[in-house]
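Before any comments, here is the structure.
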Amino acid sequence: MASFLQSFLDPKKNWLAAQHMKSLSKRLSKYGLRYDDLYDPYYDLDVKEALNRLPKEVVDARHARLKRAIDLSMKHEYLSEDFQAMQTPFRSYLQDMLALVKKERAEREALGGCFLLRRKDGRFGQISIEIGMKCKITGKGF
Numbered sequence: 001m002a003s004f005l006q007s008f009l010d011p012k013k014n015w016l017a018a019q020h021m022k023s024l025s026k027r028l029s030k031y032g033l034r035y036d037d038l039y040d041p042y043y044d045l046d047v048k049e050a051l052n053r054l055p056k057e058v059v060d061a062r063h064a065r066l067k068r069a070i071d072l073s074m075k076h077e078y079l080s081e082d083f084q085a086m087q088t089p090f091r092s093y094l095q096d097m098l099a100l101v102k103k104e105r106a107e108r109e110a111l112g113g114c115f116l117l118r119r120k121d122g123r124f125g126q127i128s129i130e131i132g133m134k135c136k137i138t139g140k141g142f
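Numbering follows the working numbering, with no gaps: position 10 of the sequence shown is 10.
Here it is, written out as structure tokens:
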């Protein structure tokens, strides 16, 4: 069943998936975004940790793309055609680091360890993971 679903979602094997990918590529290129820019670090802590581990230049480029997209959206405009042609919406910069962070988290959970969170003031807190139970948050300010 899983292999059928994967082949159904593969754009090389499914015409509908290819059309969706083409449409998404056009929509992202209009604003100069990449697919990885759509990940929200406030929604997923793994994305936040992966972004923290990336080089500063990559994160700064992401913020510049997001600011440009917001600016264009507020003005109800798109990038010019020549800039849209230069965009690479499916060039990934986050997936490898995100996979590594998720793997580390899964390993930490399997071993019954804690997931450390760094707060804005630089102090650390812990979320202790217990299998089959909700996470317990310890530390002040959480």
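We put the CB at the ideal spot given by N, CA and C, even for glycine.
Every value quoted in this text rests on a predicted model; they were computed, and no experiment measured them.
#### Entry: Three-state class that DSSP yields for Glu109 in the structure shown
Glu109 falls in the helix class under three-state DSSP.
#### Entry: Start-end ranges of the alpha helix (DSSP H) lying completely within the stretch 10 to 70, minimum 4 residues
Within the stretch 10 to 70, the runs of alpha helix (DSSP H) at least 4 residues long that lie entirely inside it are, in chain order, 15 to 31 and 45 to 53.
### Limits of the unbroken alpha helix (DSSP H) element including Glu81
Per DSSP, the unbroken alpha helix (DSSP H) holding Glu81 starts and ends at Glu81 to Met86.
### Task
Taking all protein chains shown into account, decide if Met97 is buried (16 or more other Cβ within 10 angstroms of its Cβ) or exposed.
Around the beta carbon of Met97, 16 or more other beta carbons sit within 10 angstroms, so the residue counts as buried.
### Task
Thinking Asp46 and Arg108 are a contact (beta carbons under 8 Å), I'd like their distance in whole angstroms, please.
Contact annotation, Asp46 with Arg108: C-beta distance approximately 12 Å; criterion of less than 8 Å not satisfied.
### Message
Tell me which residues share the same chain as Ser25 and place their Cβ nearer than 8 Å to its Cβ, disregarding the 5 neighbours each side in the sequence.
### Response
Excluding sequence positions up to five before and after Ser25, its CB lies within less than 8 Å of the CB of Pro89 and Phe90, all in the same chain and listed in chain order.
### Message
Taking the beta carbon of Phe142 as the centre, do at least 16 other beta carbons fall within 10 Å, making it buried, or is it exposed?
### Response
Only weak support exists for where Phe142 lies, its pLDDT of 44 falling under 50; the value from the coordinates is given anyway. Result: exposed.
### Query
CB-CB under 8 Å to Asp36, same chain, minus the five flanking residues each way: which ones, in chain order?
Once the five neighbours on either side are set aside, the close Cβ partners of Asp36 are Arg62, Ser92, Tyr93, Leu94 and Gln95.
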